[in-house]
Amino acid sequence: MGSSTKSQAARSPSRLSRFVGLIPGLLLAVALVQRPLDSVDLWWHLARGREVLAGTIFPSRELLTLETLADASWLGGAPFFFAWSLGGVVALGFVPLAAGIALMFFGRLPVSRADKRFALIALSPLILYTVRDDLQAIPRLFDVLGLILTAQLLASSQAASRRRVVATLLLFAAWSNLASGPVWGLLLLMLHCGTRAASGTILLAAVVGGMLNPRGPLAWQDSFVLLTASDSAFSAPETFTTTMAVFLLLWLSWAGWFHVQHRWRLQPLLVSVATFSIPLAAGLMCTRNVPLGGTWILIHLGLLAASPVRQESSRSTPAGRKSGSVDVWDVRLSRASWGMAVGITAVLLMLDCGLLPLAGGKRPGWGIASSIDYRLVDPVWRTSPNESLLTWTPDAGCAGMVAWIGENLQLVDHPQRARLGGRWATHAGVVADIAGDHRAEYRRADGSWGGWRAQLAEWNVSLMAIPAGSNLHEILSTTPWKSLDLDAPCIPYVSTNDLRFASLIVDVLRQQGFVEAGPWQPTLEIYDGHGWRIDLLQMLGLGIDPVPAVAQSRHFRALGLSMAAARALLPVAQTNHTTPVRREWLAVQKALAEQEEDTAGRVSPFRQAIVASATASNEPASSPLLTKVVEQYRQGRLQEALEQLTGSSAEEAYAAAMLRLELGDTITALARLEEVVANGNDRVLTILAQSWLQQIEPFAERSE
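The numbers in this note's numbering rise by one with no breaks, and the one at position 374 of the sequence shown is 371.
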């Protein structure tokens, strides 16, 4: 009895110390993973989950008029829709945190020795940052989980027992019904094929399991197609993002550690090359693969690094090290690894907060991001509540919002489903026609009519949904299709030939004039989450999240409303030191300068001085007064700048008018512009003032 009690007492501190050792990892998960949900796939999969719980196993067929195929991952949205039904935003908002904690837990525990934990702990911030886009309430979370469980199977035993074969079959069957990435698990098994951990029987079980879904054997084809292609190419080419930069740094660090530890000697060279090439190639092909690429690196640093095969040949412990020095060595390595992790975390948080040139723009918080907040979309479809409005969109995010909203909206297609169903070329052709030479209609070689309007007419499309950040807005503004919203993440477009929306089109055109030249004064309230978003930094008094304001400004610029874009940034003027705001502010100033040059053939001295000060160009030096005014303006101190502009010269009057106009004070702006015209000494300023007067006068009369 006494010996048993002693052994339990000896084990207790060990368990407690292991739990305490997890606390830093949990803090990392909170710092780097807990963000408002911003996945463009969120609403699409919630809509699919709603259809599944309504009694169908073909959710995409119910949501899309062009869909004819079965869904392999038909169950993927059901768990999250169930969570939404129980707890709404509260339930979904905590998914990233729970997933991040689980990732740290499963990733770290199997590695017990400090020299093996060093790289895993030190690189854990990079791993979390890379993987976090998939740690949301979307089926790709099951891809991350499936890849980790596959690695668990490989690391657990070297024997291909009947139990492991059945476990593999069940794992891949569940994976293929929940998400579209089982091909990642298959690639991992293929790299170990021929060993006792992944025999041919295990591989066969995985292949068969991946077929046990409504799509059957073609599920593997779908998984491979989605691995090698992005479904956002309709809208715009993918860019080099912060997440991609962090992923490349993670990959290089992993490769360097692997080389320093001579781990490449533990397996055939071809297997080593494939192990490193798969995540890198997948990430470069499509940025949506980056999170799973990070998961791939995690399991090779953690689970597979601790597998029996690797441990037998491990040479990571320095040769000749005395056993008595093991504890000291472990402590030093542990401290060094956590020190590196803290430093990397601090840098990544600065990136997220926009304090470094390469800005991520994802501040710590909870809820649902404004970029996918469907509540902001004006319900224009209710104009004809008894008619079904067929809707086409080139964007997965807009498609999800339309599918989720439902009501009398019916989605024509979804980018991902179009790729799987062989309709990708047709949809991409519509976007190419819009973005190219406005080829609304043209004759094909066979005599039939082509062009984007002809294709939309063939689909009976009444409504287009274009993401706010798309470059198609400027192009569509010159066509008969007009927008019906100004401040939504998904902008509805209708044809001017559709008389059902005539009054709405006129109303939005008036709104465009109002935000550009009327007494519009945006406040912080328009960027508030209204119960769906909480920004942790704002709660700590560190300023509001500028991302919604930056997105609104970009949309106004795309519509050619440059002054409205400048106004949209005013509520976040105090965050002008952050990279996203600073970049957008400069883009707005350049747009205003180009607008002046198009109007009068030359840029005003005021706008020229602003652009020159922000770009360090070699423009002629402005007057001391203008230099001081510009400096105050750049700092967001517009009222102080106005106090300096009390003179009656045309240059000062025009600068004051622009500041007043940006502040929404149209009456005073009108008076100062009239001073410029009355002065008449500067032809360029006179032309610019007259142009603004024509835009302002209708709203100034209304506000008197």
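Glycine residues also receive a C-beta, built at the ideal position from the N, C-alpha and C atoms.
Keep in mind that this is a model prediction, so the values were computed, not measured.
{"Asked": "Between tryptophan 41 and the rest of its own chain, which residues show a CB-CB distance below 7 Å, the 5 nearest in sequence each way excluded?", "Found": "Ala393, Ala396, Gly397, Ala400, His411"}
{"Asked": "By alpha-carbon positions, which one of Leu386, Ile531, Phe511 ends up nearest to alanine 366?", "Found": "Ile531"}
{"Asked": "Enumerated in chain order, which unbroken segments of the alpha helix (DSSP H) with a length of 4 residues or greater are wholly contained in the stretch 404 to 441?", "Found": "412 to 417, 421 to 432"}
{"Asked": "Sorted by chain position, which residues of the same chain lie with C-beta nearer than 8 Å to valine 674's C-beta, five sequence neighbours on each side aside?", "Found": "Thr683, Ala686, Gln687, Leu690"}
{"Asked": "Identify whether threonine 284 lies in helix, strand or coil by the three-state DSSP scheme.", "Found": "helix"}
{"Asked": "Can you name the start and end residues of the alpha helix (DSSP H) that lysine 625 belongs to?", "Found": "621 to 631"}
{"Asked": "Can you grab the Cα-Cα spacing for the pair leucine 469 / glycine 433, in whole Å?", "Found": "10 Å"}
{"Asked": "With 16 as the cutoff for other CB atoms within 10 Å, does isoleucine 523 come out buried or exposed?", "Found": "exposed"}
{"Asked": "Would you kindly check if the distance between the Cβ of valine 409 and the Cβ of tryptophan 389 is under 8 Å?", "Found": "yes"}
{"Asked": "On the premise that alanine 462 lies in contact with glycine 448, defined as a C-beta separation below 8 Å, what is that separation, rounded to the nearest angstrom?", "Found": "With a Cβ gap of about 20 Å, glycine 448 and alanine 462 do not count as contacting."}
{"Asked": "Rounded to whole angstroms, what's the CA-CA distance from alanine 638 to methionine 347? Just pull it up for me.", "Found": "31 Å"}
{"Asked": "Short of 6 Å in beta carbon distance, which residues of its chain neighbour asparagine 439, apart from the five on each side in sequence? Order them along the chain.", "Found": "According to the sequence shown, residue 439 is tyrosine rather than asparagine. These residues qualify, in order along the chain: Gly447, Gly448."}
{"Asked": "Mark phenylalanine 115 as exposed unless 16 or more other C-beta atoms lie within 10 angstroms of its C-beta, in which case mark it buried.", "Found": "buried"}
{"Asked": "Give the DSSP-derived three-state secondary structure of alanine 134 in the structure shown.", "Found": "coil"}
{"Asked": "Assign arginine 212 to one of three DSSP states: helix, strand, or coil.", "Found": "coil"}
{"Asked": "So if DSSP puts threonine 388 in a beta bridge, which residue, or which two residues, is it bridged to?", "Found": "Leu408, Leu460"}
{"Asked": "I'd like the list of long-range same chain contacts for serine 177, defined as Cβ closer than 6 Å, with 5 residues on each side in sequence excluded.", "Found": "Ser70, Ser220, Leu223"}
{"Asked": "Quick one: residues in its chain with C-beta nearer than 6 Å to the C-beta of leucine 406, no 5 flanking neighbours on either side, listed in chain order?", "Found": "Trp378, Leu386, Thr388, Val399"}
{"Asked": "In whole angstroms, what is the alpha-carbon distance linking cysteine 350 and glycine 358?", "Found": "6 Å"}
{"Asked": "Candidates Glu48, Ile135, Leu558: which alpha carbon is nearest valine 37's?", "Found": "Ile135"}
{"Asked": "Looking only at DSSP bridge pairs, what is leucine 61 linked to?", "Found": "Leu408"}
{"Asked": "Does the count of Cβ pairs from the stretch 124 to 141 and the stretch 52 to 64 closer than 8 Å reach three?", "Found": "no"}
{"Asked": "Is the stretch 87 to 96 in contact with the stretch 146 to 155, if contact means three or more CB pairs nearer than 8 Å?", "Found": "no"}
{"Asked": "What would DSSP say about leucine 690, mapped onto helix, strand or coil?", "Found": "helix"}
{"Asked": "Does at least one heavy atom of the ligand SAH sit under 7 Å from the Cβ of tryptophan 217?", "Found": "The ligand SAH is absent from the structure shown, which contains no ligands of any kind."}
{"Asked": "Could you tell me which residues DSSP puts in a beta bridge with tryptophan 363?", "Found": "Ile531"}
{"Asked": "Looking at the unbroken alpha helix (DSSP H) that takes in valine 721, where does it start and where does it end?", "Found": "Examination of residue 721 is not possible in this model, given that the chain is present from -2 through 701 alone."}
{"Asked": "Considering only DSSP beta bridges, list what cysteine 487 is partnered with.", "Found": "Pro464"}
{"Asked": "For the alpha helix (DSSP H) that contains serine 121, what are its first and last residues?", "Found": "121 to 128"}
{"Asked": "Measuring only the C-alpha atoms, how far is glycine 85 from valine 569?", "Found": "29 Å"}
{"Asked": "Quick check: the Cα distance between methionine 241 and glycine 677, rounded to an integer number of angstroms?", "Found": "54 Å"}
{"Asked": "If the criterion is Cβ atoms closer than 8 Å, does the pair valine 163 and threonine 198 meet it?", "Found": "no"}
{"Asked": "If we ignore side chains and look at the alpha-carbon of each, how far apart do isoleucine 118 and tryptophan 335 end up?", "Found": "6 Å"}
{"Asked": "How many Å lie between valine 578 and glycine 633 at the Cα?", "Found": "11 Å"}
{"Asked": "Nearest to proline 354 by alpha carbon, out of Thr272, Trp421, Thr238?", "Found": "Thr238"}
{"Asked": "Alpha carbons only, please: which of Gly538, Asp525, Trp293, Phe511 is nearest the one belonging to phenylalanine 553?", "Found": "Phe511"}
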